[in-house]
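J.: Here it is, the structure, as structure tokens.
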Amino acid sequence: MTDTDGAHEASLPLRAIWFRRPEPLEGPVVVTGVFDVLHVGHVRFLTSIAERGLPLVVGIESDERVRAWKGPGRPINPAEERAETIAALACVAGSFIIEGPPSVADWAAYADLLRPINPAALAFTAGDRYTQAKIRGAEALGAQAWELPFTPGRSTTAALGRLAHSL
6 MTDTDGAHEA
16 SLPLRAIWFR
26 RPEPLEGPVV
36 VTGVFDVLHV
46 GHVRFLTSIA
56 ERGLPLVVGI
66 ESDERVRAWK
76 GPGRPINPAE
86 ERAETIAALA
96 CVAGSFIIEG
106 PPSVADWAAY
116 ADLLRPINPA
126 ALAFTAGDRY
136 TQAKIRGAEA
146 LGAQAWELPF
156 TPGRSTTAAL
166 GRLAHSL
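As structure tokens, then:
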């Protein structure tokens with residue numbers, strides 16, 4: 006894995022640590038999230054983005070950030086493995102881990118993080134609780150905001166609930 010380039014990024018509250026950085030990295034669609042336990046909802050979402058013809062780059066939230074947001078039992082899988090799993094999908098051009106204090110989750114910090122990538126679009130699922138923040142971030146980056154359908158009943162939380170009830 007490689008850290009972001011340049012001294013400017015080192016001073017930002019969030020930083021990207023690349024698992025697989027596509028070369029050249031030109032105008033990708035960027036998605037950020039936890040992607041803890043890969044399921045069909047993730048695959049359908051990421052595939053539908055890639056079908057639009059731009060390279061897809063996925064930012065994976067660090068273990069510290071996920072634990073602070075979702076509780077001590079999460080993530081199930083470490084960030085490096087989540088980044089590797091996502092990068093292995095044919096529809097994904099690259100992946101990176103988002104590191105920084107869990108309290109930093111505002112659109113401006115994400116825009117600063119993503120600015121060196123120069124995304125053409127930011128994609129997110131319908132019903133995402135951060136929809137407005139992601140739209141503002143896209144506007145700040147001069148990128149499009151792509152809202153794609155959510156696969157009902159298919160989330161990591163739902164999958165973990167089904168697993169817990171089957172044990």
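If you want my numbering, it's the position in the sequence shown, counting the first as 1, plus 5.
Cβ atoms here follow ideal geometry from the backbone N, Cα and C, with glycine treated the same way.
1) If you scan the region 44-120 from start to end, which runs of the beta strand (DSSP E) of 3 or more residues do you find wholly inside it?
2) Pull up the distance between the alpha-carbon of alanine 105 and that of glutamate 56, whole angstroms please.
3) Where DSSP assigns a beta bridge to glutamine 149, which residues make up the other side?
4) Report yes if the CB atom of phenylalanine 24 is closer than 7 angstroms to the CB atom of alanine 88, and no otherwise.
5) Leaving out five residues on either side along the sequence, give the residues of the same chain with a beta carbon under 7 angstroms from the beta carbon of alanine 125.
6) From what residue to what residue does the beta strand (DSSP E) around valine 42 run?
7) With distances taken Cα to Cα, identify the nearest neighbour of proline 27 among Trp74, Gly99, Glu69, Pro80.
8) Going along the chain, which residues of its own chain have a beta-carbon closer than 6 angstroms to the beta-carbon of isoleucine 102, five neighbours each way excluded?
9) Where do the ends of the beta strand (DSSP E) carrying alanine 21 lie?
10) Can you check whether the CB of phenylalanine 50 is closer than 7 angstroms to the CB of leucine 153?
11) Is it buried or exposed for proline 107, if we count other Cβ within 10 angstroms and need 16 for buried?
T.: Per the coordinate set shown:
1) 61-66, 99-104
2) Working through the sequence shown from its first residue, we reach residue 105 at position 100. Working through the sequence shown from its first residue, we reach residue 56 at position 51. Here residue 105 is glycine; the residue named in the question, alanine, does not match the sequence. Roughly 31 angstroms between the two C-alpha positions.
3) Residue mapping note: residue 149 aligns to position 144 of the sequence shown, counting from 1. Paired residues: Ala126.
4) Within the sequence shown, the letter at position 19 stands for residue 24. Within the sequence shown, the letter at position 83 stands for residue 88. Contact: yes.
5) Counted from its first residue, the sequence shown places residue 125 at position 120. So the qualifying residues of the chain are Gly32, Pro33, Val34, Leu59, Ala148, Gln149.
6) The sequence position of residue 42 within the sequence shown is 37, counting from 1. Counting along the chain, valine 42 falls outside any beta strand (DSSP E), and DSSP gives it neither H nor E.
7) Taking the sequence shown and counting its residues from 1, one reaches residue 27 at position 22. When only C-alpha atoms are compared, the closest one is Gly99.
8) Position 97 of the sequence shown, counted from the start, is the residue given in the question as residue 102. Same-chain partners within the cutoff: Ile22, Ile65, Ser67, Ala84, Ala88.
9) Locating residue 21 in the sequence shown gives position 16, counting from the first residue. 20-25 is the extent of the beta strand (DSSP E) around alanine 21.
10) Within the sequence shown, numbered from 1, the residue matching residue 153 stands at position 148. Within the sequence shown, numbered from 1, the residue matching residue 50 stands at position 45. In this structure, phenylalanine 50 lies closer than 7 angstroms to leucine 153 by Cβ.
11) Counted from its first residue, the sequence shown places residue 107 at position 102. That one is exposed.
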